[in-house]
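The structure appears right after this line, and notes come after that.
In mature numbering (1 follows the signal peptide of the UniProt record, and there is no 0), the protein residues as written are -37 to -1, 1 to 778.
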């Protein structure tokens, strides 16, 4: 569990053994008070004569200098030379920086030294420029009065543009020089060392479109006042983990594309009034939104969130709020709350409600247990008494003053009276159900509010008016016959095109592209976020692809099951833009989850290793009393994913429909961590056994009989499911072990895989840690003969046995 950085010095003190690339941007527009300069006296610890520094700032230009229209910080110092004062560590050519002025003059920019501002060398060499810095001596005069003598070290630069950063420095500092703009490309060609760059007390107004270094770990926008950052659209920072942008003027994050790698996000003390419409980073764990104007929590939290700081906001009430299921730390201090209906996740460890005049706290027995086990150093205190670090929960003891309808009072920590209510009361409309914790790492995409989203203002042209698809529109046109055909097929599920707002692209396959979109309902403010799928522009001219896509739409419209991605509707204005609208699954596909968790291995089977029962026996299709799961309340596990997929296959095979492309990438997760099967582009309703080998799923998942071109049935899906189980268990692409690949790369050719699978010489592998019962189920699923494989119904029965009971002893693992 990682706490957010308290200050820039905390970040700088991190051990260099933790490889990170950090850029700290402090976007000041005003001057620091002189008292701040006192700490800066030691910034240049080995320089004896500050006056000599100031006198040697200006350089000589020989030949043609760099032409600039505004004062520019750069590494392009061609034809510029500088004199170095005594004690100065000259910068090597590859680390040299300078400041060019519009009148052709040039100044030396950063000094180069071996210590940071605290005299530490752990972070390597430093390239530092701090404008208008004074060295201060405090002496006692003959009259006994203390006098401060200030000597200027750097001029009061006003830099308009940062063109480039030095390439071979570990620490880059550009402070207090009024920087207004950053170059769009600030990627560094470094020697591979981690870099920390800092820009404090400047006037940067935007980072939109900036390409930061690929290894950048932290991007901080510490600000004080009078800054102009109001929106962020997109920027490039592939490895960004910590993004701090407090004390700006952000009004919305709608339409912002945040890197999925972000773990910690600080957007406190801005002007945010709504956090709907945000596509949250899939791995975010720490969110700080304090000091904004958010009146409620009417938006979906990221499922993976562990820490939420939302103090100093006008919340007033928590009624109906679903907190993140894996939340560990919650700070709601000074939010105007007067009543708490306890509805906290069981993972909660720290809770801050100080500064609220709370007169009623309701809790049922399980919620009271959560409150009583909070790990707080000052949990029974109402005041901090001047302590710098204080962890108290309440600041009042009147927590039962206005309680009604409770059965008794319990004294929390012997100080705070809590009003106990029956379980059936607290689980109704007043207290929402406790959500069981999700595996805290959930490193997958979570989209913001499904219920409401504004249209993107930047999309001035409607998607259905865009004729830049690149398709050959002369191949076919939408005449009356085609229009009548589409209407006949999809009249009942058609959604008018002008009610659909297309957003960003979120996926692309062999023949289709998927966009994030919003469907506006008839009622004012009624909106739903959906996934919008249509053919790729290059496929539109091929009528076979169009027929297949229309068939997929027809098939999806006929399906309805909790573990199949919901069909929402279809929209079009012409055949070229026919689009299928599906339920938006905010947590992305299962393979992305498994792949992201490969290193940490937090996603587990959650199956008791001692569970055994005879798969050949006619077990009852009902759960027994005890449980075969290690944690029955765990929301997300490999077992829960497998169970949901099997439930979907039972439904499909009873229709009967063969999916023909079951794999982890075609299983999606929603914000409540339910798994749902998707991508029916290769599915067919079964009339008789198939012999088709075209349009089949990806090769490693395909059953031997399908590859041989003989008749096949629903048992082909069972084989693919067995391969999917191996994906879950190993976190590897199937058969990657054949060539010893790591990281999910597939180096074996399709032809080689096909020949070995057809011959019965190749089956996917499982890890030694896979539970025995899962191993046995998988072995049967990937049996060479379809008749030796279980049906989806049998699989469902076995999984229910695992979930509902520790079965009778049976067979052990057989190789």
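Positions of the beta carbon are idealized from the N, C-alpha and C atoms, including for glycine.
For residue 747, same chain residues with a beta-carbon under 7 Å away, outside a window of 5 residues either side, are 667, 723 in chain order.
Taking a C-beta distance under 8 Å as the contact criterion, residue 43 and residue 67 do not qualify as a contact pair.
By the CB criterion at 8 Å, residue 287 and residue 308 fall inside the cutoff. For residue 557, the CB contacts under 8 Å within the same chain, skipping 5 residues up- and downstream, are 566, 627, 690, 691, 694 in chain order. The beta carbon of residue 201 sits closer than 6 Å to those of 177, all from its chain and outside the five residues before and after it, given in chain order. A distance of 8 Å or more separates the beta carbons of residue 302 and residue 333. Between residue 216 and residue 195, the C-beta gap is smaller than 8 Å, which places the two residues in contact. If you draw a straight line from the Cα of residue 138 to the Cα of residue 92, it is about 6 Å long. Approximately 7 Å separates the beta-carbon atoms of residue 574 and residue 734; this is inside 8 Å, confirming the contact.
For residue 262, the closest of 225, 237, 610 by C-alpha to C-alpha distance is 237. In terms of CA proximity to residue 480, 465 leads the group 474, 465, 610, 487. Nearest neighbour of residue 528 by Cα position, chosen from 472, 485, 514, 548, turns out to be 548. Residue 478 sits in a strand when the DSSP states are folded into three classes. Here the alpha carbon of residue 455 sits roughly 51 Å from the alpha carbon of residue 313. The residue from 521, 171, 622, 501 with its alpha-carbon nearest to that of residue 198 is 171.
For the pair residue 453 and residue 616, the Cα-to-Cα distance works out to about 24 Å. For residue 140 and residue 118, the gap between their C-alpha atoms comes out near 9 Å. Here residue 608 really is in contact with residue 640; their C-beta atoms are around 6 Å apart, less than 8 Å. Taking the Cα positions, residue 505 is about 16 Å away from residue 476. Secondary structure of residue 540 (DSSP, three-state): helix. Residue pairing for residue 530: DSSP places it in a beta bridge opposite 545. Under a 10 Å Cβ-count criterion, residue 365 is classified as exposed, with fewer than 16 other Cβ atoms of the shown protein chains found around its own Cβ. Rounded to whole angstroms, the separation of the alpha carbons of residue 166 and residue 39 is 23 Å. For residue 380, the enclosing beta strand (DSSP E) covers residues 379 to 383.
Selection 69, 64, 26 evaluated against residue 19 yields 69 as nearest (Cα-Cα). Assigned with DSSP and collapsed to three states, residue 280 falls in coil, not helix or strand. The C-beta of residue 248 has 16 or more other C-beta atoms within 10 Å across all chains shown, which makes the residue buried. When rounded, the separation of the alpha-carbon atoms in residue 531 and residue 544 is 5 Å. Residue 36 holds the alpha-carbon nearest to the alpha-carbon of residue 128 among 209, 142, 36, 492. Here the stretch 228 to 235 makes no contact with the stretch 596 to 606; the two share fewer than three CB pairs at distances below 8 Å. Burial is judged here by how many other beta carbons sit within 10 angstroms of a residue's own beta carbon; residue 32 has fewer than 16 and is exposed. For residue 213, there is no enclosing alpha helix (DSSP H), as DSSP gives it neither H nor E. As DSSP reads the structure, residue 74 sits in a beta bridge with 91. DSSP places residue 641 in the coil class of the three-state scheme, outside both helix and strand.
By the C-beta density criterion, residue 147 is exposed, having fewer than 16 other C-beta atoms within 10 angstroms.
Distance from the Cα of residue 256 is smallest, within the candidate group 203, 297, 496, for 297.
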